[in-house]
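Q:
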């Protein structure tokens, strides 16, 4: 899991992309967005980078995103992807450069855990 500070750093890098996304739909009536555009872009970029399904993205995002930050469900992510598909394709190369290597972070954290060595004692019969 990344820390809240690390996530904020990645979200700050996405700030340049947000005004273009928000400006497209800002004049429309309706319910306001529940999730931050930066967080949604971050999740979309993770999906593009790793090829995760929307359900996998939802599960893994709950592991990646720090506790206290609400993660959108897969249907909300799907709706947001659909609403800005053209824009995502336009910015995808830049977006993918910003996204961290999550798989590497998991591998590093797994190697840091100390495991108790298995006992070499033989059992009596």
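Residue numbers (the working numbering): 26 to 150.
We treat Cβ as the ideally placed atom computed from N, Cα and C, and that holds for glycine.
1. Going by DSSP in three states, residue 61 sits in which element: helix, strand or coil?
2. Please determine, among 99, 76, 73, the residue with the shortest C-alpha to C-alpha distance to residue 84.
3. Please classify residue 80: does DSSP put it in a helix, a strand, or coil?
4. Taking the beta carbon of residue 91 as the centre, do at least 16 other beta carbons fall within 10 Å, making it buried, or is it exposed?
5. How would you write the range of the alpha helix (DSSP H) that residue 94 sits in, first residue to last?
A: According to the structure data:
1. In the chain shown, the residue the question calls residue 61 occupies position 36. Three-state result, residue 61: coil.
2. In the chain shown, counting from the first residue as 1, residue 84 sits at position 59. Per the Cα distances, 99.
3. In the chain shown, residue 80 corresponds to position 55, counting from 1. Looking at residue 80 - three-state DSSP - the assignment turns out to be helix.
4. Translated into positions along the chain shown, residue 91 becomes position 66. Under this definition residue 91 is an exposed residue.
5. Taking the first residue of the chain shown as 1, we reach residue 94 at position 69. Neither: residue 94 is in no alpha helix (DSSP H) and is coded neither H nor E.
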